[in-house]
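Position one of the sequence shown corresponds to residue 9 (my numbering), numbered consecutively onward. C-beta: ideal position from N, C-alpha, C; glycine also. Okay, structure first, notes after.
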Amino acid sequence: MCGIAGYVGKKDGLVVVMNCLKRLEYRGYDSAGVLFFSAKGGSASNGQNDQAELKKSPGKLTNLEKKVKNSCATPLLASIGHTRWATHGTPNETNAHPHADCHQKIFLVHNGIIENYRELKEQLEKRGHKFKSQTDTETVVHLLEDNYDKGATFEKTLDLTLKKIVGAYAFGIINQDEPQKIYFARLGSPLVLGIGTKEYFLASDQAALAGMAKKIIYLKEGQRGWISPTGFKVWPNKPIIERLDLNTEVAQKSGLEHFMLKEIFEQPETIKNALRGRLSTNGVKLGGLESVSKKLSKIKNLEIIACGTSYNAGLIGKLLFEEISDIPTSVSLASEHRYQQIAHRPDTGYIFISQSGETADTLAALKKIKTQGYLTLGLVNVVGSAIARETQAGIYNHAGPEISVASTKAFTSQLTILALMALCLGTKNKNKKELARELTLIPNKVKLILKQNDQFKALAKKYLQFQNFMFIGRKYNYPTALEGTLKLKEISYVHAEGIAAGELKHGSLALIDPHFPIFTLTNKNSVYEKMLSNMEEVKARGGKIISIATAGDRKIASVANDVIYVPKTLEPFEPLLNSIALQLFAYHFGVLRGHDVDKPRNLAKSVTVE
């Protein structure tokens, strides 16, 4: 959600921090701010002749850039920045980070939620602290001030303050008494340290550090410390330093108008990446699961836990595991599961799906399951993320950074890996070779869909005036319909509803009229005739029908108003093709309505708070 950036080193910290914040825009935000030191009366770098400059602005980063246009930061002094996604208080300049204490001496940026901030704020106000914002974050900077005034070192002050906080946080803190240091702490929200040559970085994720830091530390739960131009300190426990292999090219649009379109068009390659080294004529080999292979062989039940698009992938995964592996599988929303009583089921394995690997609800559900001693597996896209570290084993998507808030390539990579897992566990399935062979053909079939891009744009233009849509499907295409619904809602801001086609007559058919278009996922498969019957029901009531159908289908055009044809594939893999068709429609529909499809309003890429 929020983006945190910090820098200490020989460069202009303001420039570095602003560049980092730009790379974190994909996480979503509604305001931004920076704190840096500017030289006053000389070029000293010890802070004695330097002025702390706090600049904040609502809206896009370009608004903040205008405020700091003629500014520069003093080398070797600390700079921090933040992009905020409102959780407490409206999006405005006052509520934007960094926040300061009463004397403008301590400055703090924060990602997370302080659950006991009301209680703390009341105590602090009684002791004379004056609050300016509506945020929970400001409570922490005043609490730091309160503890620091009692004479402790700032390290001790930080430790004491953290003991009084209930909630999740990633903090970046500057104390004017030590202007060459950035203090930090992490619990429940991601935070990484970047290491360069006599320079150090702080960021919400590794994407901000590409091409700048050479090494990285993924801070563990409860760790805190500081960075300075001469080194760093992390406690408790010794940090693990890893090499950072991430270039800046992955964050470019490749000449396309939006990251979302770029990422849609990357899917032939990202699906190949998900398969590469894992699927061959000798079968499926998932190196990430080898360490738990004995435990996996004894699994009799699976449960998939996820949120949003990853949850929709999980619904498809359930069907894959049950059909291909013959393993009973359930799927739970992480936001619900974490508060439910866990029914004890021996020999159950849990799969946690998250693009970022930092989704707060999914991570909380994982920690709850871990205490019960179950096998935990992660399916994430970001290497070194919290879920990747907390699970016993797992598989990476290898989709590359996904910048657009609306997930596209990560979703199809998740489906590909779930299919591989199903094949790996389906030791007795007689159709394994046929399924494996078809899976290798999917990337080329995706290319055929992408060639119809102009057709999707024309279709979106045709239906642009409509404010309500319905998506229906059966079996594998019911969760695909849900995903198509989500894509259209999040980037077009129109109402859309996903329905299991067999449930139409149980209430939703009442919505159908000429002003309520309906997408039907009508591939030539085991439920094809049933889907045709549903389409006839809709047509009889004057509904406009847009069908995703199998190439060569001659019946469909007589029932549907518009048809998009996709290549024929095996039924379990239809979501890989149909979802891309729905992504393209949603993309063009959102663009034609004038929206920023990469950064939809009110949404964040990485949901790291509850």
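What residue from Gly506, Leu578, Leu201, Pro244 has the CA that sits closest to Ile224's CA? Leu201
From Gly434, Gly492, Val16, pick the residue whose C-alpha is nearest to that of Lys189; which is it? Val16
On the DSSP bridge list, what partners appear for Gln59? Ser46
When the Cα atoms are used, what is the spatial distance from Tyr211 to Lys547? Note on identity: in this sequence residue 211 is Ala, with Tyr being the wrong assignment. If I take the Cα positions, the gap works out to 53 Å.
Would you tell me roughly how many angstroms separate the C-alpha atoms of Trp93 and Asp355, rounded to the nearest one? 41 Å
Report the option in Glu582, Leu383, Lys129, Tyr347 whose CA atom is closest to the CA atom of Phe360. Leu383
Let me check one thing: in DSSP terms, what residues is Leu195 bridge-paired to? Tyr177
Could you check how far apart the C-beta atoms of Asp561 and Lys538 are, in whole angstroms? I think they sit under 8 Å. Contact flag wrong, Cβ pair sits at about 15 Å.
Beta-carbon proximity of Ala193 to Gly136, cut-off 9 Å: no
Distance, Arg251 Cα to Gly296 Cα: 20 Å
Using the beta-carbon count (16 or more within 10 Å), is Glu207 buried or exposed? buried
Looking at the unbroken alpha helix (DSSP H) that takes in Asn452, where does it start and where does it end? 440 to 458
State the DSSP-derived secondary structure class of Lys626, mapped to helix, strand or coil. Here the chain comprises residues numbered 9 to 618, so residue 626 is not present and cannot be evaluated.
Cutoff 7 Å; reference Thr493; Cβ partners in own chain excluding five residues on either side: Phe479, Ala504, Glu505, Gly506
Alpha carbon to alpha carbon, what distance is there between Pro409 and Asn124? Cα to Cα, the separation comes out at about 34 Å.
Work out the CA separation of Gly434 and Glu442 for me, nearest whole Å. 13 Å
Three or more C-beta pairs closer than 8 Å, one from the segment 319 to 334 and one from the segment 281 to 295: is that the case here? Touching, no, given that fewer than three Cβ pairs across the two stretches are closer than 8 Å.
Supposed contact pair Val599 and Ser412 - C-beta distance, whole angstroms, cut 8 Å: The pair is not a contact, with the Cβ atoms about 12 Å apart (cut-off 8 Å).
Relative to the C-alpha of Gln380, which candidate in Arg353, Ala47, Phe139 has its C-alpha closest? Arg353
Who are the near neighbours of Leu341 in its chain, counting only those whose CB is closer than 7 Å to its CB and skipping five residues on each side? Cys315, Tyr319
Same chain only: Cβ atoms within 6 Å of Ser39, ignoring 5 sequence neighbours per side: Pro66, Arg92, Pro99, Ala104
From Lys308 to Ala565, what does the alpha carbon distance come to, in whole angstroms? 44 Å
Here's the rule: buried if 16 or more other CB atoms are within 10 angstroms of the residue's CB, otherwise exposed. What is Ala559? exposed
Any beta strand (DSSP E) of 3 or more consecutive residues that is wholly inside the segment 353 to 392: 356 to 362, 383 to 388
Roughly how many angstroms lie between the CA atoms of Cys28 and Ala13, to the nearest whole one? 6 Å
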